[in-house]
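Heads up, the thing below is written out as structure tokens.
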Amino acid sequence: MDVVLREAGLSRTAVRSLGTLDARAAEPGIAGAAALLGVPVRGFAAEELAAVSVPHPSARPLAATGTASVAEAAALLAAGTEPGTDAGAVPGVVVAPGTGEPAAPPARARAVLLVPKRKTRRVTCALAASVPVRSHEDAPGARLLPRTHGYIAGEPGSPPTIPTPHTTAAMDMHTHTDAHDLRHHGDAEVRDEKLIDLAVNVRTDTPPDWLRRRIADSLTGLAAYPDGRVARAAVAERHGLPANRVLLTAGAAEAFVLLARALPARRPVVVHPQFTEPEAALRDAGHAVDRVLLREEDGFRLDPAAVPEDADLVVIGNPTNPTSVLHPAASIAALARPGRTLVVDEAFMDAVPGERESLAGRTDVPGLVVLRSLTKTWGLAGLRIGYVLAAPGTIADLERAQPLWPVSTPALVAAEACMSRAALAEAEHAAHRIGVERAHLLAGLAEFDEVRTVAGAEGPFVLVRIDGADAVRERLRSLGFAARRGDTFPGLDRNWLRLAVRDRATTNRFLQALDQALLMGG
1 MDVVLREAGL SRTAVRSLGT LDARAAEPGI AGAAALLGVP VRGFAAEELA AVSVPHPSAR
61 PLAATGTASV AEAAALLAAG TEPGTDAGAV PGVVVAPGTG EPAAPPARAR AVLLVPKRKT
121 RRVTCALAAS VPVRSHEDAP GARLLPRTHG YIAGEPGSPP TIPTPHTTAA MDMHTHTDAH
181 DLRHHGDAEV RDEKLIDLAV NVRTDTPPDW LRRRIADSLT GLAAYPDGRV ARAAVAERHG
241 LPANRVLLTA GAAEAFVLLA RALPARRPVV VHPQFTEPEA ALRDAGHAVD RVLLREEDGF
301 RLDPAAVPED ADLVVIGNPT NPTSVLHPAA SIAALARPGR TLVVDEAFMD AVPGERESLA
361 GRTDVPGLVV LRSLTKTWGL AGLRIGYVLA APGTIADLER AQPLWPVSTP ALVAAEACMS
421 RAALAEAEHA AHRIGVERAH LLAGLAEFDE VRTVAGAEGP FVLVRIDGAD AVRERLRSLG
481 FAARRGDTFP GLDRNWLRLA VRDRATTNRF LQALDQALLM GG
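In terms of our numbering, the sequence shown opens at residue 1 and continues consecutively.
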């Protein structure tokens with residue numbers, strides 16, 4: 001508990017109470033800690049804890065108690081019902097031994113998770129506080145979910161879906177481990193919450209109206225099986241390639257699965273930090289994956305010499321998610337070797353003005369496979385459409401691994417529409433606009449001594465380092481903003497956050513919230 005308090009910049013005198021499962025309230029360790037601190041123990045029934053939405057769920061406490069994090073739930077529940085709290089009170093701090101999550105605050109205050117659960121072999125603690133809410137504020141705090149909806153967003157009576165447990169420096173302060181939740185994606189930061197979204201990199205106010213109409217018009221043809229020939233030809237023409245070098249996929253995610261299953265690889269290597277789905281797909285297909293970790297002190301820039309010479313499949317993103325680094329095309333092309341497949345994830349390349357440093361359309365790089373997505377720029381995450389550019393033989397191998405009709409008719413229509421000259425001009429304009437708004441965000445972040453940004457960002461997001469960023473992220477949630485946690489990316493830890501570039505008004509509001517979140521941490 002002292003470690004957790006130090007992380008929040010607080011002393012033992014700030015603790016108002018300990019919260020835990022009522023069945024544990026009389027345990028000697030908890031009762032002794034409360035006596036040492038001179039505070040009461042507040043026990044909560046299992047159903048009370050289960051009704052609290054927790055940001056860091058785990059399967060083991062869920063099975064044992066019905067809540068996916070007793071520590072976080074009890075801390076937030078106790079902080080949110082602290083007796084005597086009003087808008088003028090000093091925030092009350094509650095440390096919750098156990099395994100839990102957030103809760104509902106009193107009328108004039110909200111519960112804020114200052115420090116997420118921290119685990120040792122014998123105890124799990126979280127830290128929550130009751131923070132005053134002014135009458136004009138509309139930021140959501142921690143909240144109780146309706147009992148009839150089960151846990152978080154499940155249907156009545158249905159079990160929750162628990163993310164893959166991960167143990168990182170953010171979760172276990174005594175054990176170094178290389179485990180990361182490769183299945184965690186930005187949409188989990190905003191799912192079931194009314195938060196301003198800086199966690200997902202999809203461009204706002206998309207799809208545009210003209211694209212919505214094209215997709216809607218395609219619904220009259222749903223009785224026929226999808227025919228991808230026209231869309232495939234449109235993608236090929238856009239990149240100056242023959243159609244047999246193009247494969248349409250249900251988003252870039254399907255492409256990663258196809259590559260992992262269809263192509264032989266004795267020693268696949270993934271360059272990190274980057275999007276984790278390629279490694280997850282390779283591991284799911286039974287491959288043992290090696291990592292090349294780019295370093296912060298090098299600006300997360302690629303050194304081609306760092307990739308093992310005997311790697312026969314290499315995966316890298318450009319611009320890279322989450323670092324926003326745009327690697328020179330020549331540096332990436334230098335990774336090519338006879339007998340090696342070089343996979344370049346260019347999902348965010350259309351957010352770079354002029355798509356400089358792109359390898360799409362190149363046929364002179366041996367073993368090159370370029371992946372593109374229409375999700376980010378055009379707001380089509382729910383439609384699932386992307387494509388692969390590669391040599392005809394590679395395309396044929398991937399196509400054989402696909403099911404029949406893998407891409408729906410509406411997605412094919414969207415792909416064709418986004419390849420038009422007018423659409424490409426619109427995407428180029430959006431890329432320039434993103435650059436202007438990114439510069440504004442970076443200028444604002446530079447005003448904070450506590451914040452360090454990765455230099456040279458070129459994507460529609462920036463990566464920042466803040467000591468205790470995981471706690472800052474929770475405070476931002478209480479203030480109404482969702483940021484993407486960094487500790488699920490190999491090569492990063494709990495001190496990193498990824499922030500999507502938004503319009504100036506949203507960025508200004510976020511910078512004010514960040515200032516408040518940093519002050520809340522002392």
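Glycine included, C-beta positions come from ideal geometry on N, C-alpha and C.
Computed from a predicted structure; not experimentally measured.
If you draw a straight line from the C-alpha of L248 to the C-alpha of V292, how long is it?
29 Å
Do the CB positions of E416 and A231 come within less than 8 Å of each other?
yes
How should S11 be labelled, buried or exposed, when 16 other C-beta atoms within 10 angstroms of its C-beta is the threshold for buried?
exposed
Enumerate, from N- to C-terminal direction, the unbroken beta strand (DSSP E) stretches of 3 or more residues contained entirely within the segment 20-47.
41-44
Is there contact between the segment 322-332 and the segment 445-459, where contact requires at least three CB pairs shorter than 8 Å?
yes
M1 versus R60: straight-line alpha-carbon distance, rounded:
21 Å
Taking a contact to mean a Cβ-Cβ separation below 8 Å, would you say L518 touches D397 in this structure?
no
In the DSSP output, which residue or residues are listed as bridge partners for F461?
A500
Taking Cβ positions, are V70 and L21 nearer each other than 8 Å?
yes
Below 6 Å CB to CB, which residues in the same chain sit around A170 once its five sequence neighbours on both sides are set aside?
Residue placement at A170 is flagged as unreliable, the pLDDT there being 27, under the threshold of 50; the coordinate-derived value follows with that caveat. Only D470, D487, R494 meet the Cβ criterion.
Nearest-angstrom Cα distance between P242 and E428?
24 Å
Whole angstroms are fine: how far does the CA of P353 sit from the CA of I434?
9 Å
Can you grab the Cα-Cα spacing for the pair P208 / A425, in whole Å?
13 Å
Going by C-alpha to C-alpha distance, which of L258, P40, C125 sits closest to A401?
L258
Top-ranked residue by Cα proximity to C418, from L211, L492, L294:
L211
If I follow the unbroken alpha helix (DSSP H) through D209, where does it start and stop?
209-217
By DSSP, does H251 sit in helix, in strand, or in coil?
Checking the sequence, you will find Gly at residue 251 rather than His. It is helical.
Which of the three DSSP states is assigned to I434 in this structure?
helix
Just curious, the beta strand (DSSP E) that P268 is in, first and last residue?
268-272
Is it right to say G80 is buried, meaning 16 or more other beta carbons lie within 10 angstroms of its own, or is it exposed?
buried
Kindly indicate which three-state DSSP category F448 falls into: helix, strand or coil?
coil
Using the C-alpha atoms, what's the distance from A281 back to P116?
29 Å
Residue burial classification, D197 (beta-carbon count within 10 angstroms, cutoff 16)
buried
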